[in-house]
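Trainee: Sending over a structure as structure tokens; questions will come in a sec.
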Amino acid sequence: MDRPKIIILVSPSVDGRIALGPNRTLIDELEDSRQFEEHPWTEIEEKIRMLHHPKADMLGSYSYIKKDEPLKPLPHYEGDASRLYKDFFNEQNIKKKNRWNIIVDGRGRIRTFKKDPNNQQRLHLVTSQVPADYLYFLQQNKVPYLIAGKERVDLKVAFKKLKEHCGITELLHTSGGKLAGALLRDGMVDEINLIINPRIIGGFKTPTLFESLDLEDDQHPTDLVLITNKTLKNDFIWLQYRVKHNN
Ligand SMILES: NC(=O)c1ccc[n+]([C@@H]2O[C@H](COP(=O)([O-])OP(=O)(O)OC[C@H]3O[C@@H](n4cnc5c(N)ncnc54)[C@H](OP(=O)(O)O)[C@@H]3O)[C@@H](O)[C@H]2O)c1
């Protein structure tokens, strides 16, 4: 396989919503300490880490910046832009880190850096359409990046590079529904872990699990095999599925 094994961990409501509304995340609510203690996320995440030892975590840009949030302006880059449109990472730094924090940032929207938790090495996946100013900004901040695709990050190309260049063989994806949906349609999801939140949220515009293109007439649903079905504290349920690949 010329990509890492991809494990998804997400906590949807009983009706498959993964946020409280278009710009209202479940995580915001969980930051209320009472709600966070109620949620078994950490317990399950630890179990998954013990099982798979993922060398990388992956998130989409919407987990860092809201869809329509204005972008922070960057200083203009005056030099030879062609030197920036090449993969950029410094292996010296990487060896000191526990694991990778991979961020899909196809349009160069994430312009502030908080310290990455757990001594993680951040890496951005970008496209060849991001402005030179942005790539220069990443270089100035010593943030490695890989270029894959033109309009959107070409996930197949990106994963091949992540495996070849960074030795990532298992990757834990904890992002929202659009990125997971793109991975699913590309046949690149190997395991799905759902921590079912005993709530119903509803809503027409509320983000859901696996938002993706509709199935074509000749396409079929993705078949799953149940691995674990466990009732957790506070009426949450952990469902762990292996994805059946047809090839
Ligand atoms: N309940 C949970 O467990 C949980 C966990 C994580 C997040 N969330 C919620 O999920 C919401 C965010 O989810 P979302 O679905 O809006 O965003 P998302 O899954 O983070 O998707 C957006 C990211 O995916 C990229 N992307 C989307 N389609 C793509 C494709 N076909 N090819 C390549 N890249 C693609 C976008 O790239 P560009 O940057 O190029 O646009 C962007 O980086 C937030 O509300 C967050 O709170 C919930």
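Residue numbering for the sequence shown follows the working numbering, starting at 117 and increasing by one per position.
Every residue gets a Cβ at the ideal spot worked out from N, C-alpha and C, and that includes glycine.
No experiment lies behind these values; they were computed from the predicted model shown.
#1: Between residue 360 and the rest of its own chain, which residues show a CB-CB distance below 8 Å, the 5 nearest in sequence each way excluded?
#2: Does ligand 1 have even one heavy atom less than 8 Å from the beta-carbon of residue 201?
#3: What are the boundary residues of the alpha helix (DSSP H) that residue 250 is part of?
#4: What does the Cβ neighbour count give for residue 366, buried or exposed, with the cut at 16 atoms within 10 Å?
#5: Could you check which residue in 153, 120, 178 has the C-alpha nearest to that of residue 140?
#6: Tell me which residue opens and which closes the beta strand (DSSP E) that residue 289 is part of.
#7: Residue range of the alpha helix (DSSP H) that residue 293 falls in?
#8: Alpha carbons only, please: which of 176, 158, 298 is nearest the one belonging to residue 242?
#9: Take residue 206 as the anchor and find which of 132, 281, 235 has the nearest alpha-carbon.
#10: Spell out the partners DSSP gives residue 215 in its beta bridges.
#11: Hey, how far is the Cα of residue 314 from the Cα of residue 355?
#12: By the 10 Å Cβ neighbour count, where 16 or more other Cβ atoms means buried, how is residue 129 classified, buried or exposed?
#13: Compute the minimum distance between the beta carbon of residue 221 and the heavy atoms of ligand 3, and state whether it is under 8 Å.
#14: With three or more C-beta pairs closer than 8 Å as the rule, is the segment 215 to 222 touching the segment 253 to 269?
#15: Assuming the contact rule is C-beta atoms closer than 8 Å, residue 417 and residue 174 should be a hit. Round their C-beta distance to whole Å, please.
Mentor: Short version:
#1: Correct list, in chain order: 338, 339, 340, 341.
#2: Between ligand 1 and residue 201, a heavy atom-to-CB distance of less than 8 Å is absent.
#3: 248 to 256
#4: One cannot answer for residue 366 here, as it falls past the ends of the chain, which runs 117 to 363.
#5: Among 153, 120, 178, the Cα nearest to that of residue 140 belongs to 178.
#6: 286 to 289
#7: 293 to 301
#8: 176
#9: 281
#10: 236
#11: Straight-line Cα distance between these residues: approximately 13 Å.
#12: When all chains shown are included, residue 129 counts as buried.
#13: Among the ligands in the structure shown, ligand 3 does not appear; only ligand 1 can be found there.
#14: Cβ pair count under 8 Å is three or more, so yes.
#15: Since the first and last residues shown for the chain are 117 and 363, residue 417 lies out of range.
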